[in-house]
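Under our numbering, the first residue of the sequence shown carries the number 10, and numbering increases by one thereafter. For glycine and all other residues, C-beta sits at the position ideal for the given N, C-alpha and C.
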Amino acid sequence: MAKNNNICGGLYTKKVLKTFQNPHNYGKIKNADGIGKVGNIVCLLPDQNIHINSNVKEINNISNKDRVLSHNGEYNFVESGVKRNYEGEVITLKNKLGSVSLTPDHLIFAIKLPEGDKFLRTKNRKGLVPAWYHASQLKKGDIILYPILKQEQDLKYIEINIPKPKWDFKSFNIPDKVSLHSDLLRLFGYFLSEGNVQDKPCRTFITFTLNIKEKDIVNDIKEISKKIFNIKAIVRERPETKTVVVSLYSAKLARFFKQIFGNGAKDKKIPNFIMSLPSEKQKSLIYGLWKGDGCVNLNRDGARAGFVTISQSIAQQLKVLLLRQKIAPSIYIEKQKIVKGVNHQKSYRIHVGQRESLINLCSIMGIKYSPKSYPSEKAWFDDDYLYIPITNIKEKKYKGLVYNLEVKDSHSFVSEAFCVHNCGDVMWLYIKIAENKKKEEVIKDIKFETFGCVAAISTSSVITDLAKGKTIKDALEIKKDEIIKSLGGLPYIKYHCSVLAIDALNEAIYDYFLKNKKEISAGLQKKHDAIKKSKEIIEKRYEKWA
10 MAKNNNICGG LYTKKVLKTF QNPHNYGKIK NADGIGKVGN IVCLLPDQNI
60 HINSNVKEIN NISNKDRVLS HNGEYNFVES GVKRNYEGEV ITLKNKLGSV
110 SLTPDHLIFA IKLPEGDKFL RTKNRKGLVP AWYHASQLKK GDIILYPILK
160 QEQDLKYIEI NIPKPKWDFK SFNIPDKVSL HSDLLRLFGY FLSEGNVQDK
210 PCRTFITFTL NIKEKDIVND IKEISKKIFN IKAIVRERPE TKTVVVSLYS
260 AKLARFFKQI FGNGAKDKKI PNFIMSLPSE KQKSLIYGLW KGDGCVNLNR
310 DGARAGFVTI SQSIAQQLKV LLLRQKIAPS IYIEKQKIVK GVNHQKSYRI
360 HVGQRESLIN LCSIMGIKYS PKSYPSEKAW FDDDYLYIPI TNIKEKKYKG
410 LVYNLEVKDS HSFVSEAFCV HNCGDVMWLY IKIAENKKKE EVIKDIKFET
460 FGCVAAISTS SVITDLAKGK TIKDALEIKK DEIIKSLGGL PYIKYHCSVL
510 AIDALNEAIY DYFLKNKKEI SAGLQKKHDA IKKSKEIIEK RYEKWA
């Protein structure tokens, strides 16, 4: 047996890892003569939040009208959803972005850290290869990948398509179309953090409630309102509450703000057209948001910035915006509580303390920050992902419904804390058949597409090598032990991947016989029936709901 390689923590042999990193015959055959698909479904608990359409929604409420964020940083349509009753272990994985509970065999895009002091250093971790790992394979300290949103569409103007009521004689007139530039995005940020719409008959307007010391925000709101909408802001100071209220009297503008942002601190959200803007343009919105509900403290031990909101949507959307700026946030949930007789609602706190992240945030906020220390960073970015360690793992017994999604193209979706595959190990095997000189049917070409763990991809690659050029009869004689031997061994818990590879080949050959109305041997029929029965047993447990 080959010596174990450290790249996956000593779990796999060198041959497995080499095959995984450079698989043979990967891809799809157009107009394949036979196609075999095998795999299994895995699930999340019903209250897990999934990123959809630039917002979040619990998985049990998602429909096939939604698009989910996938591991490639793009939005993909949900084709369907399934649910089933489950009783057994569930694993909760936590990192600085949040926590997610799921069945142990669910696949997560991650990096397993090898043993040894070498990989305590981030520069050495960056050379490790990410892969899909079952939740049960991961441990505290392993690195999870979180995608950076790639969707981008610039807008030069926005239309304010709100008709003015006939009885509205007090509102200032505003343009029907305005330029979407930094000033307006800054105003949007102020509204999301400090604004509200008073929507009553004959009395509809916008208010911003600020601390009486925040005169720079007051003046900025006044200038932007006058410059863009030709509205004179009315400012009223309330010394008894140490607040200042800025009012914009335009029913049309108020209803437009309510339409795109929602109303009330708990229900506000950032509209999709802003979430899709170029990242450079989004800096102005982040500035307005953080200026209103955030702070930056560079004088404390361990400089840190903080932001708080009672809107779950704003917290999760701001996370997405920060990641696009290469800012790694930590998100904490503060439960509802009563302090000195005052009821404090459930809130979401975002902290930024990592050195490079804080430098980037301070740059957006126009704050000079020159850190004196260079602490080691446990998380890092590249152009596509944030790499962030698992901070805690818990296992518990669970009995109840679990849910999953079928996602078009990417076959993955993103939760609050990490991206997951929409199924367990799944293999597609494509074959082309031709006759040799002896008039025997041989597998002339064979390719695979596998969404799964290291072992699943490696065994898929090996089965194509073993089957290519063989007669159909000889291909059907390939055993799991041949696959395992070709890879220099597999961990016992991964033997099922070699069985899946053989099943996929059998199903591709069965599909070829069926399409060409060829006689199917009793042995092949028996194998197919067993695979079909197993699939039916699994599918009976599931109910489609999306």
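Measuring only the C-alpha atoms, how far is Lys27 from Ser495? The residue you call residue 27 lines up with position 18 of the sequence shown. The residue you call residue 495 lines up with position 486 of the sequence shown. Going from the Cα of Lys27 to the Cα of Ser495 covers about 12 Å.
For Ile269, collect the residues of the same chain with a Cβ closer than 7 Å to its Cβ; drop the 5 residues on either side in sequence, then sort them by chain order. Within the sequence shown, residue 269 is the residue found at index 260, counting from 1. Here the set comprises Pro280.
Span of the beta strand (DSSP E) holding Glu96? Translated into positions along the sequence shown, residue 96 becomes position 87. Start and end: 84 to 104.
Can you name, in chain order, every residue of its own chain whose Cβ lies under 7 Å from the Cβ of Pro559, other than the five neighbours on each side? In the structure displayed, the chain extends from 10 to 555; residue 559 sits before or after that span and is not available.
Is the beta carbon of Leu53 less than 8 Å from the beta carbon of Tyr378? On the sequence shown, position 44 is the one that residue 53 refers to. On the sequence shown, position 369 is the one that residue 378 refers to. For Leu53 and Tyr378, no; Cβs fall outside 8 Å.
By the three-class DSSP mapping on this structure, what secondary structure does Glu528 have? Here residue 528 refers to the residue found at position 519 when the sequence shown is read from its first residue. Correct three-state label for Glu528: coil.
Within the same chain, show all residues whose beta-carbon is closer than 6 Å to that of His80, passing over the 5 residues directly before and after it, in chain order. Walking along the sequence shown from the start, residue 80 turns up at place 71. So the list reads Phe118, Pro156, Ser421, Cys428, once near-sequence residues are dropped.
In chain order, what residues of the same chain have a beta carbon less than 6 Å from the beta carbon of Gly301, not counting five sequence neighbours either side? As a first step, residue 301 must be located in the sequence shown, where it is residue number 292. Taken in chain order, the residues that qualify are Tyr199, Ser202, Glu203.
Looking only at its own chain, which residues have a Cβ that is under 6 Å from the Cβ of Leu111, when we skip the five neighbours before and after it? As a working note, residue 111 is residue 102 in the sequence shown. Closer than 6 Å at the Cβ level, and outside the excluded window around Leu111, lie Leu53, Ala144.
When the distance is taken between beta carbons, is Lys456 closer than 8 Å to Lys39? Here residue 39 refers to the residue found at position 30 of the sequence shown. Here residue 456 refers to the residue found at position 447 of the sequence shown. Taking 8 Å as the Cβ cut-off, Lys39 and Lys456 do not qualify as a contacting pair.
For Lys542, three-class secondary structure by DSSP: Along the sequence shown, read from residue 1 onward, the residue named residue 542 stands at position 533. If DSSP states are grouped into helix, strand and coil, Lys542 belongs with the helices.
Do Ser8 and Arg333 have their C-beta atoms closer together than 8 Å? Because the chain is modelled from 10 through 555, residue 8 falls outside the range shown and cannot be assessed.
Assuming Gly273 contacts Lys159 under a Cβ cut-off of 8 Å, what Cβ separation, rounded to an integer in Å, is found between them? By one-based count along the sequence shown, residue 273 stands at place 264. By one-based count along the sequence shown, residue 159 stands at place 150. Rounded, the Cβ-Cβ distance is 32 Å, inconsistent with contact.
Tell me whether Gly409 sits in a helix, a strand or coil according to DSSP, three-state version. Sequence index remark: in the sequence shown, residue 409 carries index 400 (1-based). Three-state result, Gly409: strand.
Hey, quick one: how far does the beta strand (DSSP E) through Pro253 stretch, first residue to last? Start at 1 with the first residue of the sequence shown, and residue 253 comes out as number 244. Per the sequence presented here, residue 253 reads as Val, with Pro not at that position. That run of the beta strand (DSSP E) goes 252 to 257.
Tell me which same chain residues have a C-beta within less than 7 Å of the C-beta of Asn85, skipping the five on either side of it? Locating residue 85 in the sequence shown gives position 76, where the first residue counts as 1. The beta carbon of Asn85 is closer than 7 Å to those of Arg76, Val77, Ser79, Val416, Lys417, Asp418, Ser419 in its chain, skipping five residues each way along the sequence.
Return the CA-CA distance between His430 and Trp141, expressed in angstroms with no decimal places. Numbered from its first residue, the sequence shown carries residue 430 at position 421. Numbered from its first residue, the sequence shown carries residue 141 at position 132. When rounded, the distance between both Cα atoms is 8 Å.
DSSP on Tyr396, reduced to helix/strand/coil? As a working note, residue 396 is residue 387 in the sequence shown. Three-state DSSP puts Tyr396 in a strand.
Could you check which residue in Gly150, Ser467, Pro398, Gly375 has the C-alpha nearest to that of Trp299? Here residue 299 refers to the residue found at position 290 when the sequence shown is read from its first residue. Nearest C-alpha to Trp299: Gly375.
Could you tell me the distance, in whole angstroms, from the CA atom of Asn14 to the CA atom of Lys127? As a first step, residue 14 is located in the sequence shown; it is residue number 5 there, counting from the start. As a first step, residue 127 is located in the sequence shown; it is residue number 118 there, counting from the start. The predicted position of Asn14 is uncertain, since its pLDDT is 41 and thus under 50; a value taken from the coordinates is nonetheless stated next. Distance between the alpha carbons of Asn14 and Lys127: 14 Å.
Beta-carbon separation (whole angstroms), Gln321 vs Ser63, contact threshold 8 Å: The residue given as residue 321 occupies position 312 in the sequence shown. The residue given as residue 63 occupies position 54 in the sequence shown. Their Cβ separation, rounded to whole angstroms, is 14 Å, which puts Gln321 and Ser63 out of contact at 8 Å.
Leu20: buried (16+ other C-beta within 10 angstroms of its C-beta) or exposed? Along the sequence shown, read from residue 1 onward, the residue named residue 20 stands at position 11. Classification of Leu20: buried, given that the 10 Å Cβ count is 16 or more.
Can you grab the Cα-Cα spacing for the pair Met10 / Gly497, in whole Å? On the sequence shown, residue 10 is found 1 positions in, with the first residue counted as 1. On the sequence shown, residue 497 is found 488 positions in, with the first residue counted as 1. Only weak support is given to the placement of Met10: the predicted model assigns it a pLDDT of 31, under 50, and the value that follows is read from those uncertain coordinates. So the alpha carbons of these two residues sit roughly 5 Å apart.
Taking the beta carbon of Cys211 as the centre, do at least 16 other beta carbons fall within 10 Å, making it buried, or is it exposed? Translated into the one-based positions of the sequence shown, residue 211 becomes position 202. Classification of Cys211: exposed, given that the 10 Å Cβ count is below 16.
Check whether the Cβ atoms of Ile511 and Ile540 sit closer than 8 Å, and answer yes or no. Within the sequence shown, the letter at position 502 stands for residue 511. Within the sequence shown, the letter at position 531 stands for residue 540. Against a cut-off of 8 Å, the Cβ pair of Ile540 and Ile511 comes out as no contact.
Would you list, in sequence order, the uninterrupted alpha helix (DSSP H) runs of no fewer than 4 residues that lie entirely inside the region 214 to 248? 224 to 238
In whole angstroms, what separates the C-alpha of Tyr439 from that of Arg130? Position 430 of the sequence shown, counted from the start, is the residue given in the question as residue 439. Position 121 of the sequence shown, counted from the start, is the residue given in the question as residue 130. Taking the straight line joining both Cα atoms gives about 42 Å.
Threshold first: 3 residues or longer. Then list the beta strand (DSSP E) segments lying entirely within the region 433 to 459, N to C. 435 to 444
Residue range of the alpha helix (DSSP H) that includes Asp75: As a position in the sequence shown, residue 75 is number 66, starting the count at 1. Note, Asp75: premise wrong, no alpha helix (DSSP H); not H, not E.
Proximity below 8 Å, CB of Ile487 to CB of Leu475: For this step, residue 487 is matched to residue 478 along the sequence shown. For this step, residue 475 is matched to residue 466 along the sequence shown. Yes, they are a contact pair.
How far does the beta strand (DSSP E) with Lys209 in it reach, from first residue to last? In the sequence shown, the residue the question calls residue 209 occupies position 200. Lys209 -> beta strand (DSSP E) spans 204 to 209.
If you count every other CB in all the chains shown that lies within 10 Å of the CB of Leu523, and 16 or more means buried, which is it? The count along the sequence shown starts at 1 and reaches residue 523 at position 514. When all chains shown are included, Leu523 counts as exposed.
Of the residues Gln363, Ile319, Leu370, the one placed nearest His353, counting alpha carbons only: Taking the sequence shown and counting its residues from 1, one reaches residue 353 at position 344. Nearest C-alpha to His353: Ile319.
Endpoints, the alpha helix (DSSP H) within which Phe266 is located: Looking up residue 266 in the sequence shown gives position 257. Counted as a single uninterrupted DSSP element, the alpha helix (DSSP H) harbouring Phe266 occupies residues 260 to 270.
Close beta carbons around Ile226, own chain, < 8 Å, minus the five adjacent residues each side: One-based indexing of the sequence shown puts residue 226 at position 217. Around Ile226: Tyr199, Glu203, Phe217, Leu219, Lys300, Gly301.
Quick check: Val305 and Phe29, are their CB atoms within less than 8 Å of each other? The count along the sequence shown starts at 1 and reaches residue 305 at position 296. The count along the sequence shown starts at 1 and reaches residue 29 at position 20. Cβ distance not < 8 Å, so Val305 and Phe29 don't count as in contact.
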